[in-house]
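Engineer:
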Amino acid sequence: MLDHGTLDTGHVNPVDALRHRMRHSAAHIMADAVLKLFPEAKMGIGPPIHDGFYYDFDVSRPFTPEDLERIEELMNETISASHSFLREEISREDAKELFAGQPYKLEIIDGLADEETLTIYRHSDFVDLCQGPHIDNSGDIPAVKLLSVAGAYWRGDERRPMLQRIYGTAFESTEALADHLARLEEAERRDHRVLGRQLGLFSIHDEIGPGLIVWHPKGGRVRTIIEDYWRDLHYRRGYDILYSPHIGRAQLWETSGHLDFYRENMYAPIDVDDQEYFLKPMNCPFHIMVYRSSLRSYRELPLRYAELGTVYRYERSGVLHGLMRVRGFTQDDAHIFCRPDQVVSEVDGVLDLTFELLKDFGFTDYSISLSTRPEKAVGDPELWDHATASLRQALEGRNLSFDMDEGGGAFYGPKIDIHITDALGRSWQCTTVQFDFNLPERFDLVYQDSEGGRSRPYMVHRAILGSVERFMGILIEHYAGAFPLWLAPVQAVVIPIADRHIEYAEVVKTGLAEAGFRVEVDGRSERMNLKIRNAQMQKVPYMLVVGDREQEDSAVSVRHREEGDLGGMALEALVERLNGELARK
RNA sequence: GCCCCGGUGGCGCAACGGAAGCGCAGUCGAUUUGUAAUCGACAGGUUAGGGGUUCGACUCCCCUCUGGGGCUCCA
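With the working numbering, letter number 439 in the first sequence gets 1582, and the count goes up by one each step, no holes.
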C-alpha cells in the first residue's frame, strides 16, 4: 500500500537557531503592523517555519499585494526603531483579560495545560502570547520580505474559519535574503510544468481531465529510457516482472480491505454484466494473486514481483499539481514474499538497488527515516518487532544514518522512507520500503515450510521511484530540463550550414544512429545561428555543425550544450566521447 | 472540498462597458548562411462553457468547468 508521497519541506535544512528566532520576531513585527492597519483583525498564530514565517489573521477582506507593501513598510519602521523584545510571565486570568478581544488567542489559552507557564512577548506597544524565544531587539532583523498571501484554516481544520495567512521571510543579511529569493526564482525557472511544455515532454488537457497526463514523443522517449533502465536493473537484481489489469472485481478489493479503508481514494465502480469492478488504486492484490496461483515452497522464496503498475486514485482537485500530484500514475511497485530468515538480506537488497538507481539519476544526498508501530495496528507485535529490527539492521549494516519516526508506520507494518535532495536542495520522498502484516493475513498467504507445515510469508512492498510521473517531474526540475546524455530524448542535432550539406548531415546522422545514438538533422532553410539557438533552448546535449570543411574531412564540428564550441572532430572520436560520457551516466 | 487570484489564436501577453491587438510558434516566398534569433507576406480567436444586466459585455452579476497559490511547520 504505497503512497506516492509529497514534497516534504520539513527536511530541507536544519533550521538555524538565529534565523528561527529572527523570523519568529519578524512574525510579531508583522502582526504589529497588520493590527495598526487593520485594527479589527483577529490574530491566529504566527510561527517561524523552515524558510521564513507566517501569521494568520481573521480579517473582513483578504490582503492585497498593496496591503503587503504597506505592512512591509511599517515593519521596516519598527525594525529601524530598535524596540526591545521583552518576555513576561503572566497568569491565566491576566492573559485572558489582555487578549479579551482576540478569540483565537483565548482558544489557545484555554487549550494549554494548567501547569504550563504562560508567557507574553512585548515590543513597542505590541504584545503577543508566545513562548519565544525572540531576538533581543527589533533592530536585529537585517533583511525581511513578505512573500505571499493565502487562505488557511484555523488550526488546519476545514470545518473551522478560514484565516488569511501572510508568508514572509527574514535573513541575517540582505545577501542571504537575496540568495534565498534567487533560489525561489531558480525553482520557478525550473518548473517542470513550464519545461514540460517547452521541451515537448507532456501535457494535460481539459478534454481528458485534470490530473491525467499525456506524454509527447520526447517525454515518451525519456520515459521509455527510464523504464528500460528500470526493467534491466530489476531483472539483474533477481526480480520477476508482472503485468496486471487496470480493473478488478469488487470482491478482490473487499478481501484486500481497500473498499473498507481506501474507498475515498477510489473511483466509482464500473458495471460489467451486473458485476462491480473497480479501477485499481494499488497493485498489491494482483501480485498476491500471482503468489497464490500455486502452492509455494520455502525453496522458491524469496519471490520478488515487480511491475510498472498504473494506478488511479482520487485526489482532491485542490491538490493536483503538474506531474507531482496526479490522478493516474505508474508506480514502480514490487512485492517481496520471503521467509523470516530472508528478511534482513531482502531489505538490504532493496537498499542496495535503491542507491544504485538514485545515483544513476544524479541523486547523492538522502535523508532516511524508519517508522515504527502506530497505536492502531494490525499484526502480531512479535512480527512488528522482528520486521522493525530487520529494517534497522539493514540500515545500520550499511552505516546509514536515519531518523526514527516512532509510531509513524502504516497500520499494517513498519517502513523505511528515503528522501532525496535535488539540485536546489529541496527534499522529495520517493523510495519507501514497507512491511505488510495485513494482506498476507487477509489473503491467507502461506508456503510449505521445511518442516512440512504451512507458514505465512513476510510481505514487503517497495517502490524506488515512487511514481514514474512524479519522478520525472523531479528529474526535470533537478536537471532544469537539461537531461544528461543517457536520458536526453535527442542526444545530438546535426546542423547543416547550407542546403548542400544536408546530404552529408544525413550520413552523420545514420552513422551515429547505427552506433546507438538518438540524433536528428535540422534541415530547415534557416541560418546556422538559429538552429543552434533552437537546439540550445531544447537543451540538446550536442550540436554537430557540418559545412564544407567537415564534409571534406568526414568530420563534425562539435558544440556542447554547456561547454560550447569544442572544434572539429572525426566521427569516430565523437562516438568515443559520447560512449565515454554514457559509461559515467 | 474550502479561501483568494486567474482562464483572450498552439504558447506568452494587451484591450475604460463603445471596431479583439502584439510577440513567439505556424504556412508561403526570398535568402544558402561558420557557433544563441535573416527578411517579407499570409493565415490563425463564437474572448473556457452556460445564463443574466445593458442600446451595447473580453470587461459587470450568477452558475459550471478548469489553472495557480495555499489550507499538516502550531502560544
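No residue lacks a Cβ here, since even glycine has one placed at the ideal position from N, Cα and C.
1. For the putative contact between Pro1353 and Leu1463, defined by C-beta atoms under 8 angstroms, what is the C-beta separation to the nearest angstrom?
2. Mind checking which residues open and close the alpha helix (DSSP H) that includes Gly1254?
3. Once you ignore the five residues that flank Gln1536 on each side, which residues in its own chain have a CB closer than 6 angstroms to its CB?
4. List the endpoints of the continuous beta strand (DSSP E) containing Trp1571.
5. On the CB-based measure, 16 or more other CB atoms within 10 Å of its CB, does Ala1411 come out buried or exposed?
6. Let me check understanding here. Comparing Cα to Cα, which of Val1636, Ile1640, Lys1682, Met1671 lies closest to Phe1660?
7. Using the three-state DSSP reduction, which class does Phe1404 fall into: helix, strand or coil?
8. When the distance is taken between beta carbons, is Asn1581 closer than 7 angstroms to Tyr1601?
9. Compute the Euclidean distance between the alpha carbons of Gln1485 and Ala1553, then round it to the nearest angstrom.
10. Inspect the beta-carbon positions of Arg1585 and Gly1362 and report whether they are closer than 7 angstroms.
11. Kindly indicate which three-state DSSP category Asp1283 falls into: helix, strand or coil?
12. Within 10 Å of its beta-carbon, does Gly1522 have 16 or more other beta-carbons around it, so buried, or fewer, so exposed?
13. Taking Cβ to Cβ, would you say Ala1393 is nearer than 7 angstroms to Glu1419?
14. So, helix, strand or coil for Pro1182, using DSSP?
15. Could you tell me whether the Cβ atoms of Asp1475 and Trp1629 are closer together than 7 angstroms?
16. Which residues mark the beginning and the end of the beta strand (DSSP E) in which His1266 is found?
17. Is Leu1618 closer than 7 angstroms to Gly1471 when the C-beta atoms are compared?
18. Note down, in chain order, each residue of its chain lying with its Cβ closer than 6 angstroms to the Cβ of Pro1770, except the 5 sequence neighbours on either side.
19. Could you spell out the range, first to last residue, of the beta strand (DSSP E) harbouring Glu1231?
20. Compare the Cα-Cα distances from Val1611 to each of Val1454, Val1651, Val1603 and report the closest residue.
21. Given this structure, state the Cα-to-Cα distance separating Tyr1647 from Lys1682, to the nearest angstrom.
22. Over what stretch of residues does the beta strand (DSSP E) that includes Leu1451 continue unbroken?
23. What's the gap between the Cα of Val1292 and the Cα of Pro1205?
24. Within its chain, find whatever has a CB closer than 8 angstroms to the CB of Ala1174; leave out the 5 residues flanking it on each side and keep chain order.
25. Would Ile1511 and Leu1543 be called neighbours here (beta carbons separated by less than 7 angstroms)?
26. Between Leu1342 and the rest of its own chain, which residues show a CB-CB distance below 7 angstroms, the 5 nearest in sequence each way excluded?
27. Closer than 6 angstroms by C-beta to Ala1678: which residues in its own chain qualify, once you throw out the five before and the five after it? Chain order, please.
28. Kindly provide the ranges of any alpha helix (DSSP H) runs that are 4 or more residues long and lie completely inside the segment 1484-1521, ordered along the chain.
29. Could you check if Asp1403 is buried or exposed, using at least 16 other CB atoms within 10 Å of its CB as the buried criterion?
30. Three-state secondary structure (DSSP) at Glu1649?
31. Is the Cβ-Cβ distance between Ser1168 and Ile1278 less than 7 angstroms?
32. Along the chain, where does the beta strand (DSSP E) containing Pro1639 start, and where does it finish?
33. Helix, strand or coil: which one does DSSP assign to Thr1531?
34. Please go through the same chain and pick out, in chain order, the residues whose beta-carbon is closer than 8 angstroms to the beta-carbon of Gly1711, but skip the five residues on each side of it.
35. Between Ala1330 and the rest of its own chain, which residues show a CB-CB distance below 8 angstroms, the 5 nearest in sequence each way excluded?
36. On a CA-only basis, which of Arg1380, Tyr1509, Gly1666 is nearest Ile1479? Give me that one, please.
Structural biologist: Considering the structure as presented:
1. Position 210 of the first sequence holds residue 1353. Position 320 of the first sequence holds residue 1463. The Cβ separation is near 6 angstroms, so the contact holds.
2. The residue given as residue 1254 occupies position 111 in the first sequence. Counting along the chain, the alpha helix (DSSP H) containing Gly1254 begins and ends at 1246-1254.
3. Numbered from 1 along the first sequence, position 393 holds the residue referred to as residue 1536. Take Gln1536, set aside five residues on each side of it, and the residues of its chain with a beta-carbon closer than 6 angstroms to its own are Val1487, in chain order.
4. Start at 1 with the first residue of the first sequence, and residue 1571 comes out as number 428. Trp1571 -> beta strand (DSSP E) spans 1570-1578.
5. Translated into the one-based positions of the first sequence, residue 1411 becomes position 268. Exposed, because fewer than 16 other Cβ atoms sit within 10 Å of the Cβ of Ala1411.
6. As a working note, residue 1660 is residue 517 in the first sequence. For the residues Val1636, Ile1640, Lys1682, Met1671, the minimum Cα distance to Phe1660 belongs to Val1636.
7. The count along the first sequence starts at 1 and reaches residue 1404 at position 261. Three-state result, Phe1404: helix.
8. In the first sequence, counting from the first residue as 1, residue 1601 sits at position 458. In the first sequence, counting from the first residue as 1, residue 1581 sits at position 438. The Cβ-Cβ distance between Tyr1601 and Asn1581 does not fall below 7 angstroms.
9. In the first sequence, the residue the question calls residue 1485 occupies position 342. In the first sequence, the residue the question calls residue 1553 occupies position 410. Rounded to whole angstroms, Gln1485 to Ala1553 spans 22 angstroms at the Cα level.
10. Here the question's residue 1585 lines up with position 442 in the first sequence. Here the question's residue 1362 lines up with position 219 in the first sequence. The Cβ-Cβ distance between Arg1585 and Gly1362 does not fall below 7 angstroms.
11. Residue 1283 sits at position 140 when you count from the first residue of the first sequence. Asp1283 sits in a helix when the DSSP states are folded into three classes.
12. Residue mapping note: residue 1522 aligns to position 379 of the first sequence, counting from 1. When all chains shown are included, Gly1522 counts as buried.
13. For this step, residue 1393 is matched to residue 250 along the first sequence. For this step, residue 1419 is matched to residue 276 along the first sequence. At the C-beta level, Ala1393 and Glu1419 come within 7 angstroms of one another.
14. As a first step, residue 1182 is located in the first sequence; it is residue number 39 there, counting from the start. Here Pro1182 sits in coil by DSSP.
15. In the first sequence, residue 1475 corresponds to position 332, counting from 1. In the first sequence, residue 1629 corresponds to position 486, counting from 1. One thing to note: Asp1475 has its Cβ no nearer than 7 angstroms to the Cβ of Trp1629.
16. Looking up residue 1266 in the first sequence gives position 123. Following the DSSP letters along the chain, one finds His1266 inside the beta strand (DSSP E) bounded by residues 1261-1266.
17. Residue numbering aside, residue 1471 sits at position 328 when the first sequence is read from its first letter. Residue numbering aside, residue 1618 sits at position 475 when the first sequence is read from its first letter. 7 angstroms or more divides the Cβ of Gly1471 from the Cβ of Leu1618.
18. One cannot answer for residue 1770 here, as it falls past the ends of the chain, which runs 1144 to 1728.
19. By one-based count along the first sequence, residue 1231 stands at place 88. Counting along the chain, the beta strand (DSSP E) containing Glu1231 begins and ends at 1229-1233.
20. Locating residue 1611 in the first sequence gives position 468, where the first residue counts as 1. Here the closest residue by C-alpha is Val1454.
21. For this step, residue 1647 is matched to residue 504 along the first sequence. For this step, residue 1682 is matched to residue 539 along the first sequence. Those two C-alpha atoms are separated by around 24 angstroms.
22. Taking the first residue of the first sequence as position 1, residue 1451 is located at position 308. Its beta strand (DSSP E) spans residues 1446-1455.
23. Walking along the first sequence from the start, residue 1292 turns up at place 149. Walking along the first sequence from the start, residue 1205 turns up at place 62. Rounded to whole angstroms, Val1292 to Pro1205 spans 8 angstroms at the Cα level.
24. The sequence position of residue 1174 within the first sequence is 31, counting from 1. Leaving aside the five residues that flank Ala1174 on each side, the residues in its chain whose CB is nearer than 8 angstroms to its CB run, in chain order, Met1186, Gly1189, Tyr1198, Phe1200, Phe1269, Asp1271.
25. The count along the first sequence starts at 1 and reaches residue 1511 at position 368. The count along the first sequence starts at 1 and reaches residue 1543 at position 400. In this structure, Ile1511 places its C-beta atom within 7 angstroms of the C-beta atom of Leu1543.
26. For this step, residue 1342 is matched to residue 199 along the first sequence. If the five residues before and after Leu1342 are omitted, its C-beta is found closer than 7 angstroms to the C-beta atoms of Lys1361, Gly1624, Gln1681, Lys1682, all from its own chain and listed in chain order.
27. Here residue 1678 refers to the residue found at position 535 of the first sequence. Around Ala1678: Val1636, Met1686.
28. Assignment of alpha helix (DSSP H) within the segment 1484-1521, counting only whole runs of 4 or more residues, yields 1486-1503 in chain order.
29. Your numbering for residue 1403 matches position 260 in the first sequence. By the 16-neighbour rule on beta-carbons within 10 angstroms, Asp1403 is exposed.
30. Your numbering for residue 1649 matches position 506 in the first sequence. DSSP, read as helix, strand or coil, puts Glu1649 in helix.
31. Start at 1 with the first residue of the first sequence, and residue 1168 comes out as number 25. Start at 1 with the first residue of the first sequence, and residue 1278 comes out as number 135. Yes, the pair counts as a contact, with Cβ atoms nearer than the cut-off.
32. Counting from one through the first sequence, the residue named residue 1639 turns up at place 496. Residues 1635-1639.
33. By 1-based counting over the first sequence, the position of residue 1531 is 388. Correct three-state label for Thr1531: helix.
34. Within the first sequence, the letter at position 568 stands for residue 1711. If we look at Gly1711 and ignore the five residues flanking it on each side, its Cβ neighbours are Arg1692, Glu1693, Asp1696, Ala1698, Val1699, Ser1700, Val1701.
35. In the first sequence, the residue the question calls residue 1330 occupies position 187. Contacts found: Leu1567, Arg1569, Glu1620.
36. Residue numbering aside, residue 1479 sits at position 336 when the first sequence is read from its first letter. Answer by Cα proximity: Arg1380.
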